[in-house]
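Protein chains in written order, with this note's numbering: chain A, 1 to 141; chain B, 1001 to 1147.
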């Protein structure tokens, strides 16, 4: 277990470096939900290409390194309905709140932003309740 | 240059996510599962990510971005209803599947059909948000400006 914590810390530092690089380089906040959504908006072509570049690299880098680094499977639920409902909730929720774990969590908390901290508390609390309800009461996961 | 920075940042983010174990839904759900076998890994990931980010935000006070004129302004909306309701919806889905937007994309190449279904549903959810938002504000008869 403690080895997982060290991997977590190392990976976390890399995630922080990615956010710091995008912020200091391009002056943009690294929010995964916003960057993914940005690929489906064509308002500004220049920004659209940047979003596409970020999301493509986010997809390709793990594809190349998942074997060499011996990364385990995702263990995601095989239940299509559960996964689809979860995906819809995550997509809708992150757009309504204008951010997810990377935007509000990583970038927001490190800025000591009240919005980021409030959002993070809300989704962690809702997530914990969700696991209790769906796992321990309904047995869906 | 801006495209190159986006590529490097996205790649670093992806590597950080797979190394930290955040593409493993069992680890994420384990962190949220306070009544089960609690897994603290996510706290280490968040803590690790804070270090470079706090320094980066400090740096924004004394310099400008490499390729832009200024840094993004803080959102002045304050803690409003959309922020909390949206985050609650997000949290419910996050707990249910153990995936959030970053890891969903990072694990797309090795997450099998579940990963593809999740990412597709997530994008559909994102694209229908504005419509749902208009619908809800209409039914509550409170006209409000969309972001």
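Yeah, the Cβ is synthetic: ideal placement off N, Cα and C, and Gly gets one too. For clarity, every value in this text was computed on a predicted model and none was experimentally measured.
By alpha-carbon distance to residue 1131/B, the top candidate from 117/A, 95/A, 35/A, 16/A is 95/A. Under the three-state reduction of DSSP, residue 1114/B is assigned to helix. Residue 50/A: member of the alpha helix (DSSP H) spanning 45 to 65, first to last residue. Put simply, the CB of residue 1038/B is far from chain A, with every gap to its CB atoms at 8 Å or more. Contact between residue 113/A and residue 31/A does not hold, since the beta-carbon distance rounds to 12 Å and is not under 8 Å.
Proximity to residue 1001/B across 58/A, 133/A, 29/A, 54/A peaks at 54/A, based on C-alpha coordinates. Below the 8 Å Cβ cutoff, chain B contributes no neighbours of residue 137/A, its closest Cβ being approximately 11 Å away. Neighbours of residue 1059/B in chain A, taken as residues at a C-beta separation under 7 Å, are given in chain order as 24. About 11 Å separates the Cβ atoms of residue 1096/B and residue 81/A, ruling out a contact at the 8 Å cut-off. Across the set 1023/B, 1051/B, 1056/B, the C-alpha of 1023/B shows the shortest separation from the C-alpha of residue 1041/B.
Shown here, residue 26/A sits in a helix according to DSSP, grouped into three states. Counting only runs of 4 or more residues that sit fully inside the segment 89 to 131 of chain A, the alpha helix (DSSP H) segments are 114 to 131, in chain order. Here DSSP, grouped into helix, strand and coil, assigns residue 1005/B to helix.
The straight-line gap separating the alpha-carbon atoms of residue 1109/B and residue 62/A is approximately 8 Å. In the DSSP assignment, residue 1031/B falls within the alpha helix (DSSP H) that extends over 1025 to 1032. Spanning the alpha carbons of residue 1046/B and residue 9/A requires a straight line of approximately 8 Å.
One Cα belongs to residue 29/A, the other to residue 6/A, and the distance between them is close to 26 Å.
Per DSSP, residue 1104/B is one residue of the alpha helix (DSSP H) stretching across 1101 to 1106. Taking 7 Å as the cut-off between beta carbons, the residues of the segment 1006 to 1021 of chain B near chain A are 1006, 1007, 1008, 1009, 1010, 1011, 1012, 1013, 1014, 1015, 1016, 1017, 1018, 1019, 1020, 1021, in sequence order.
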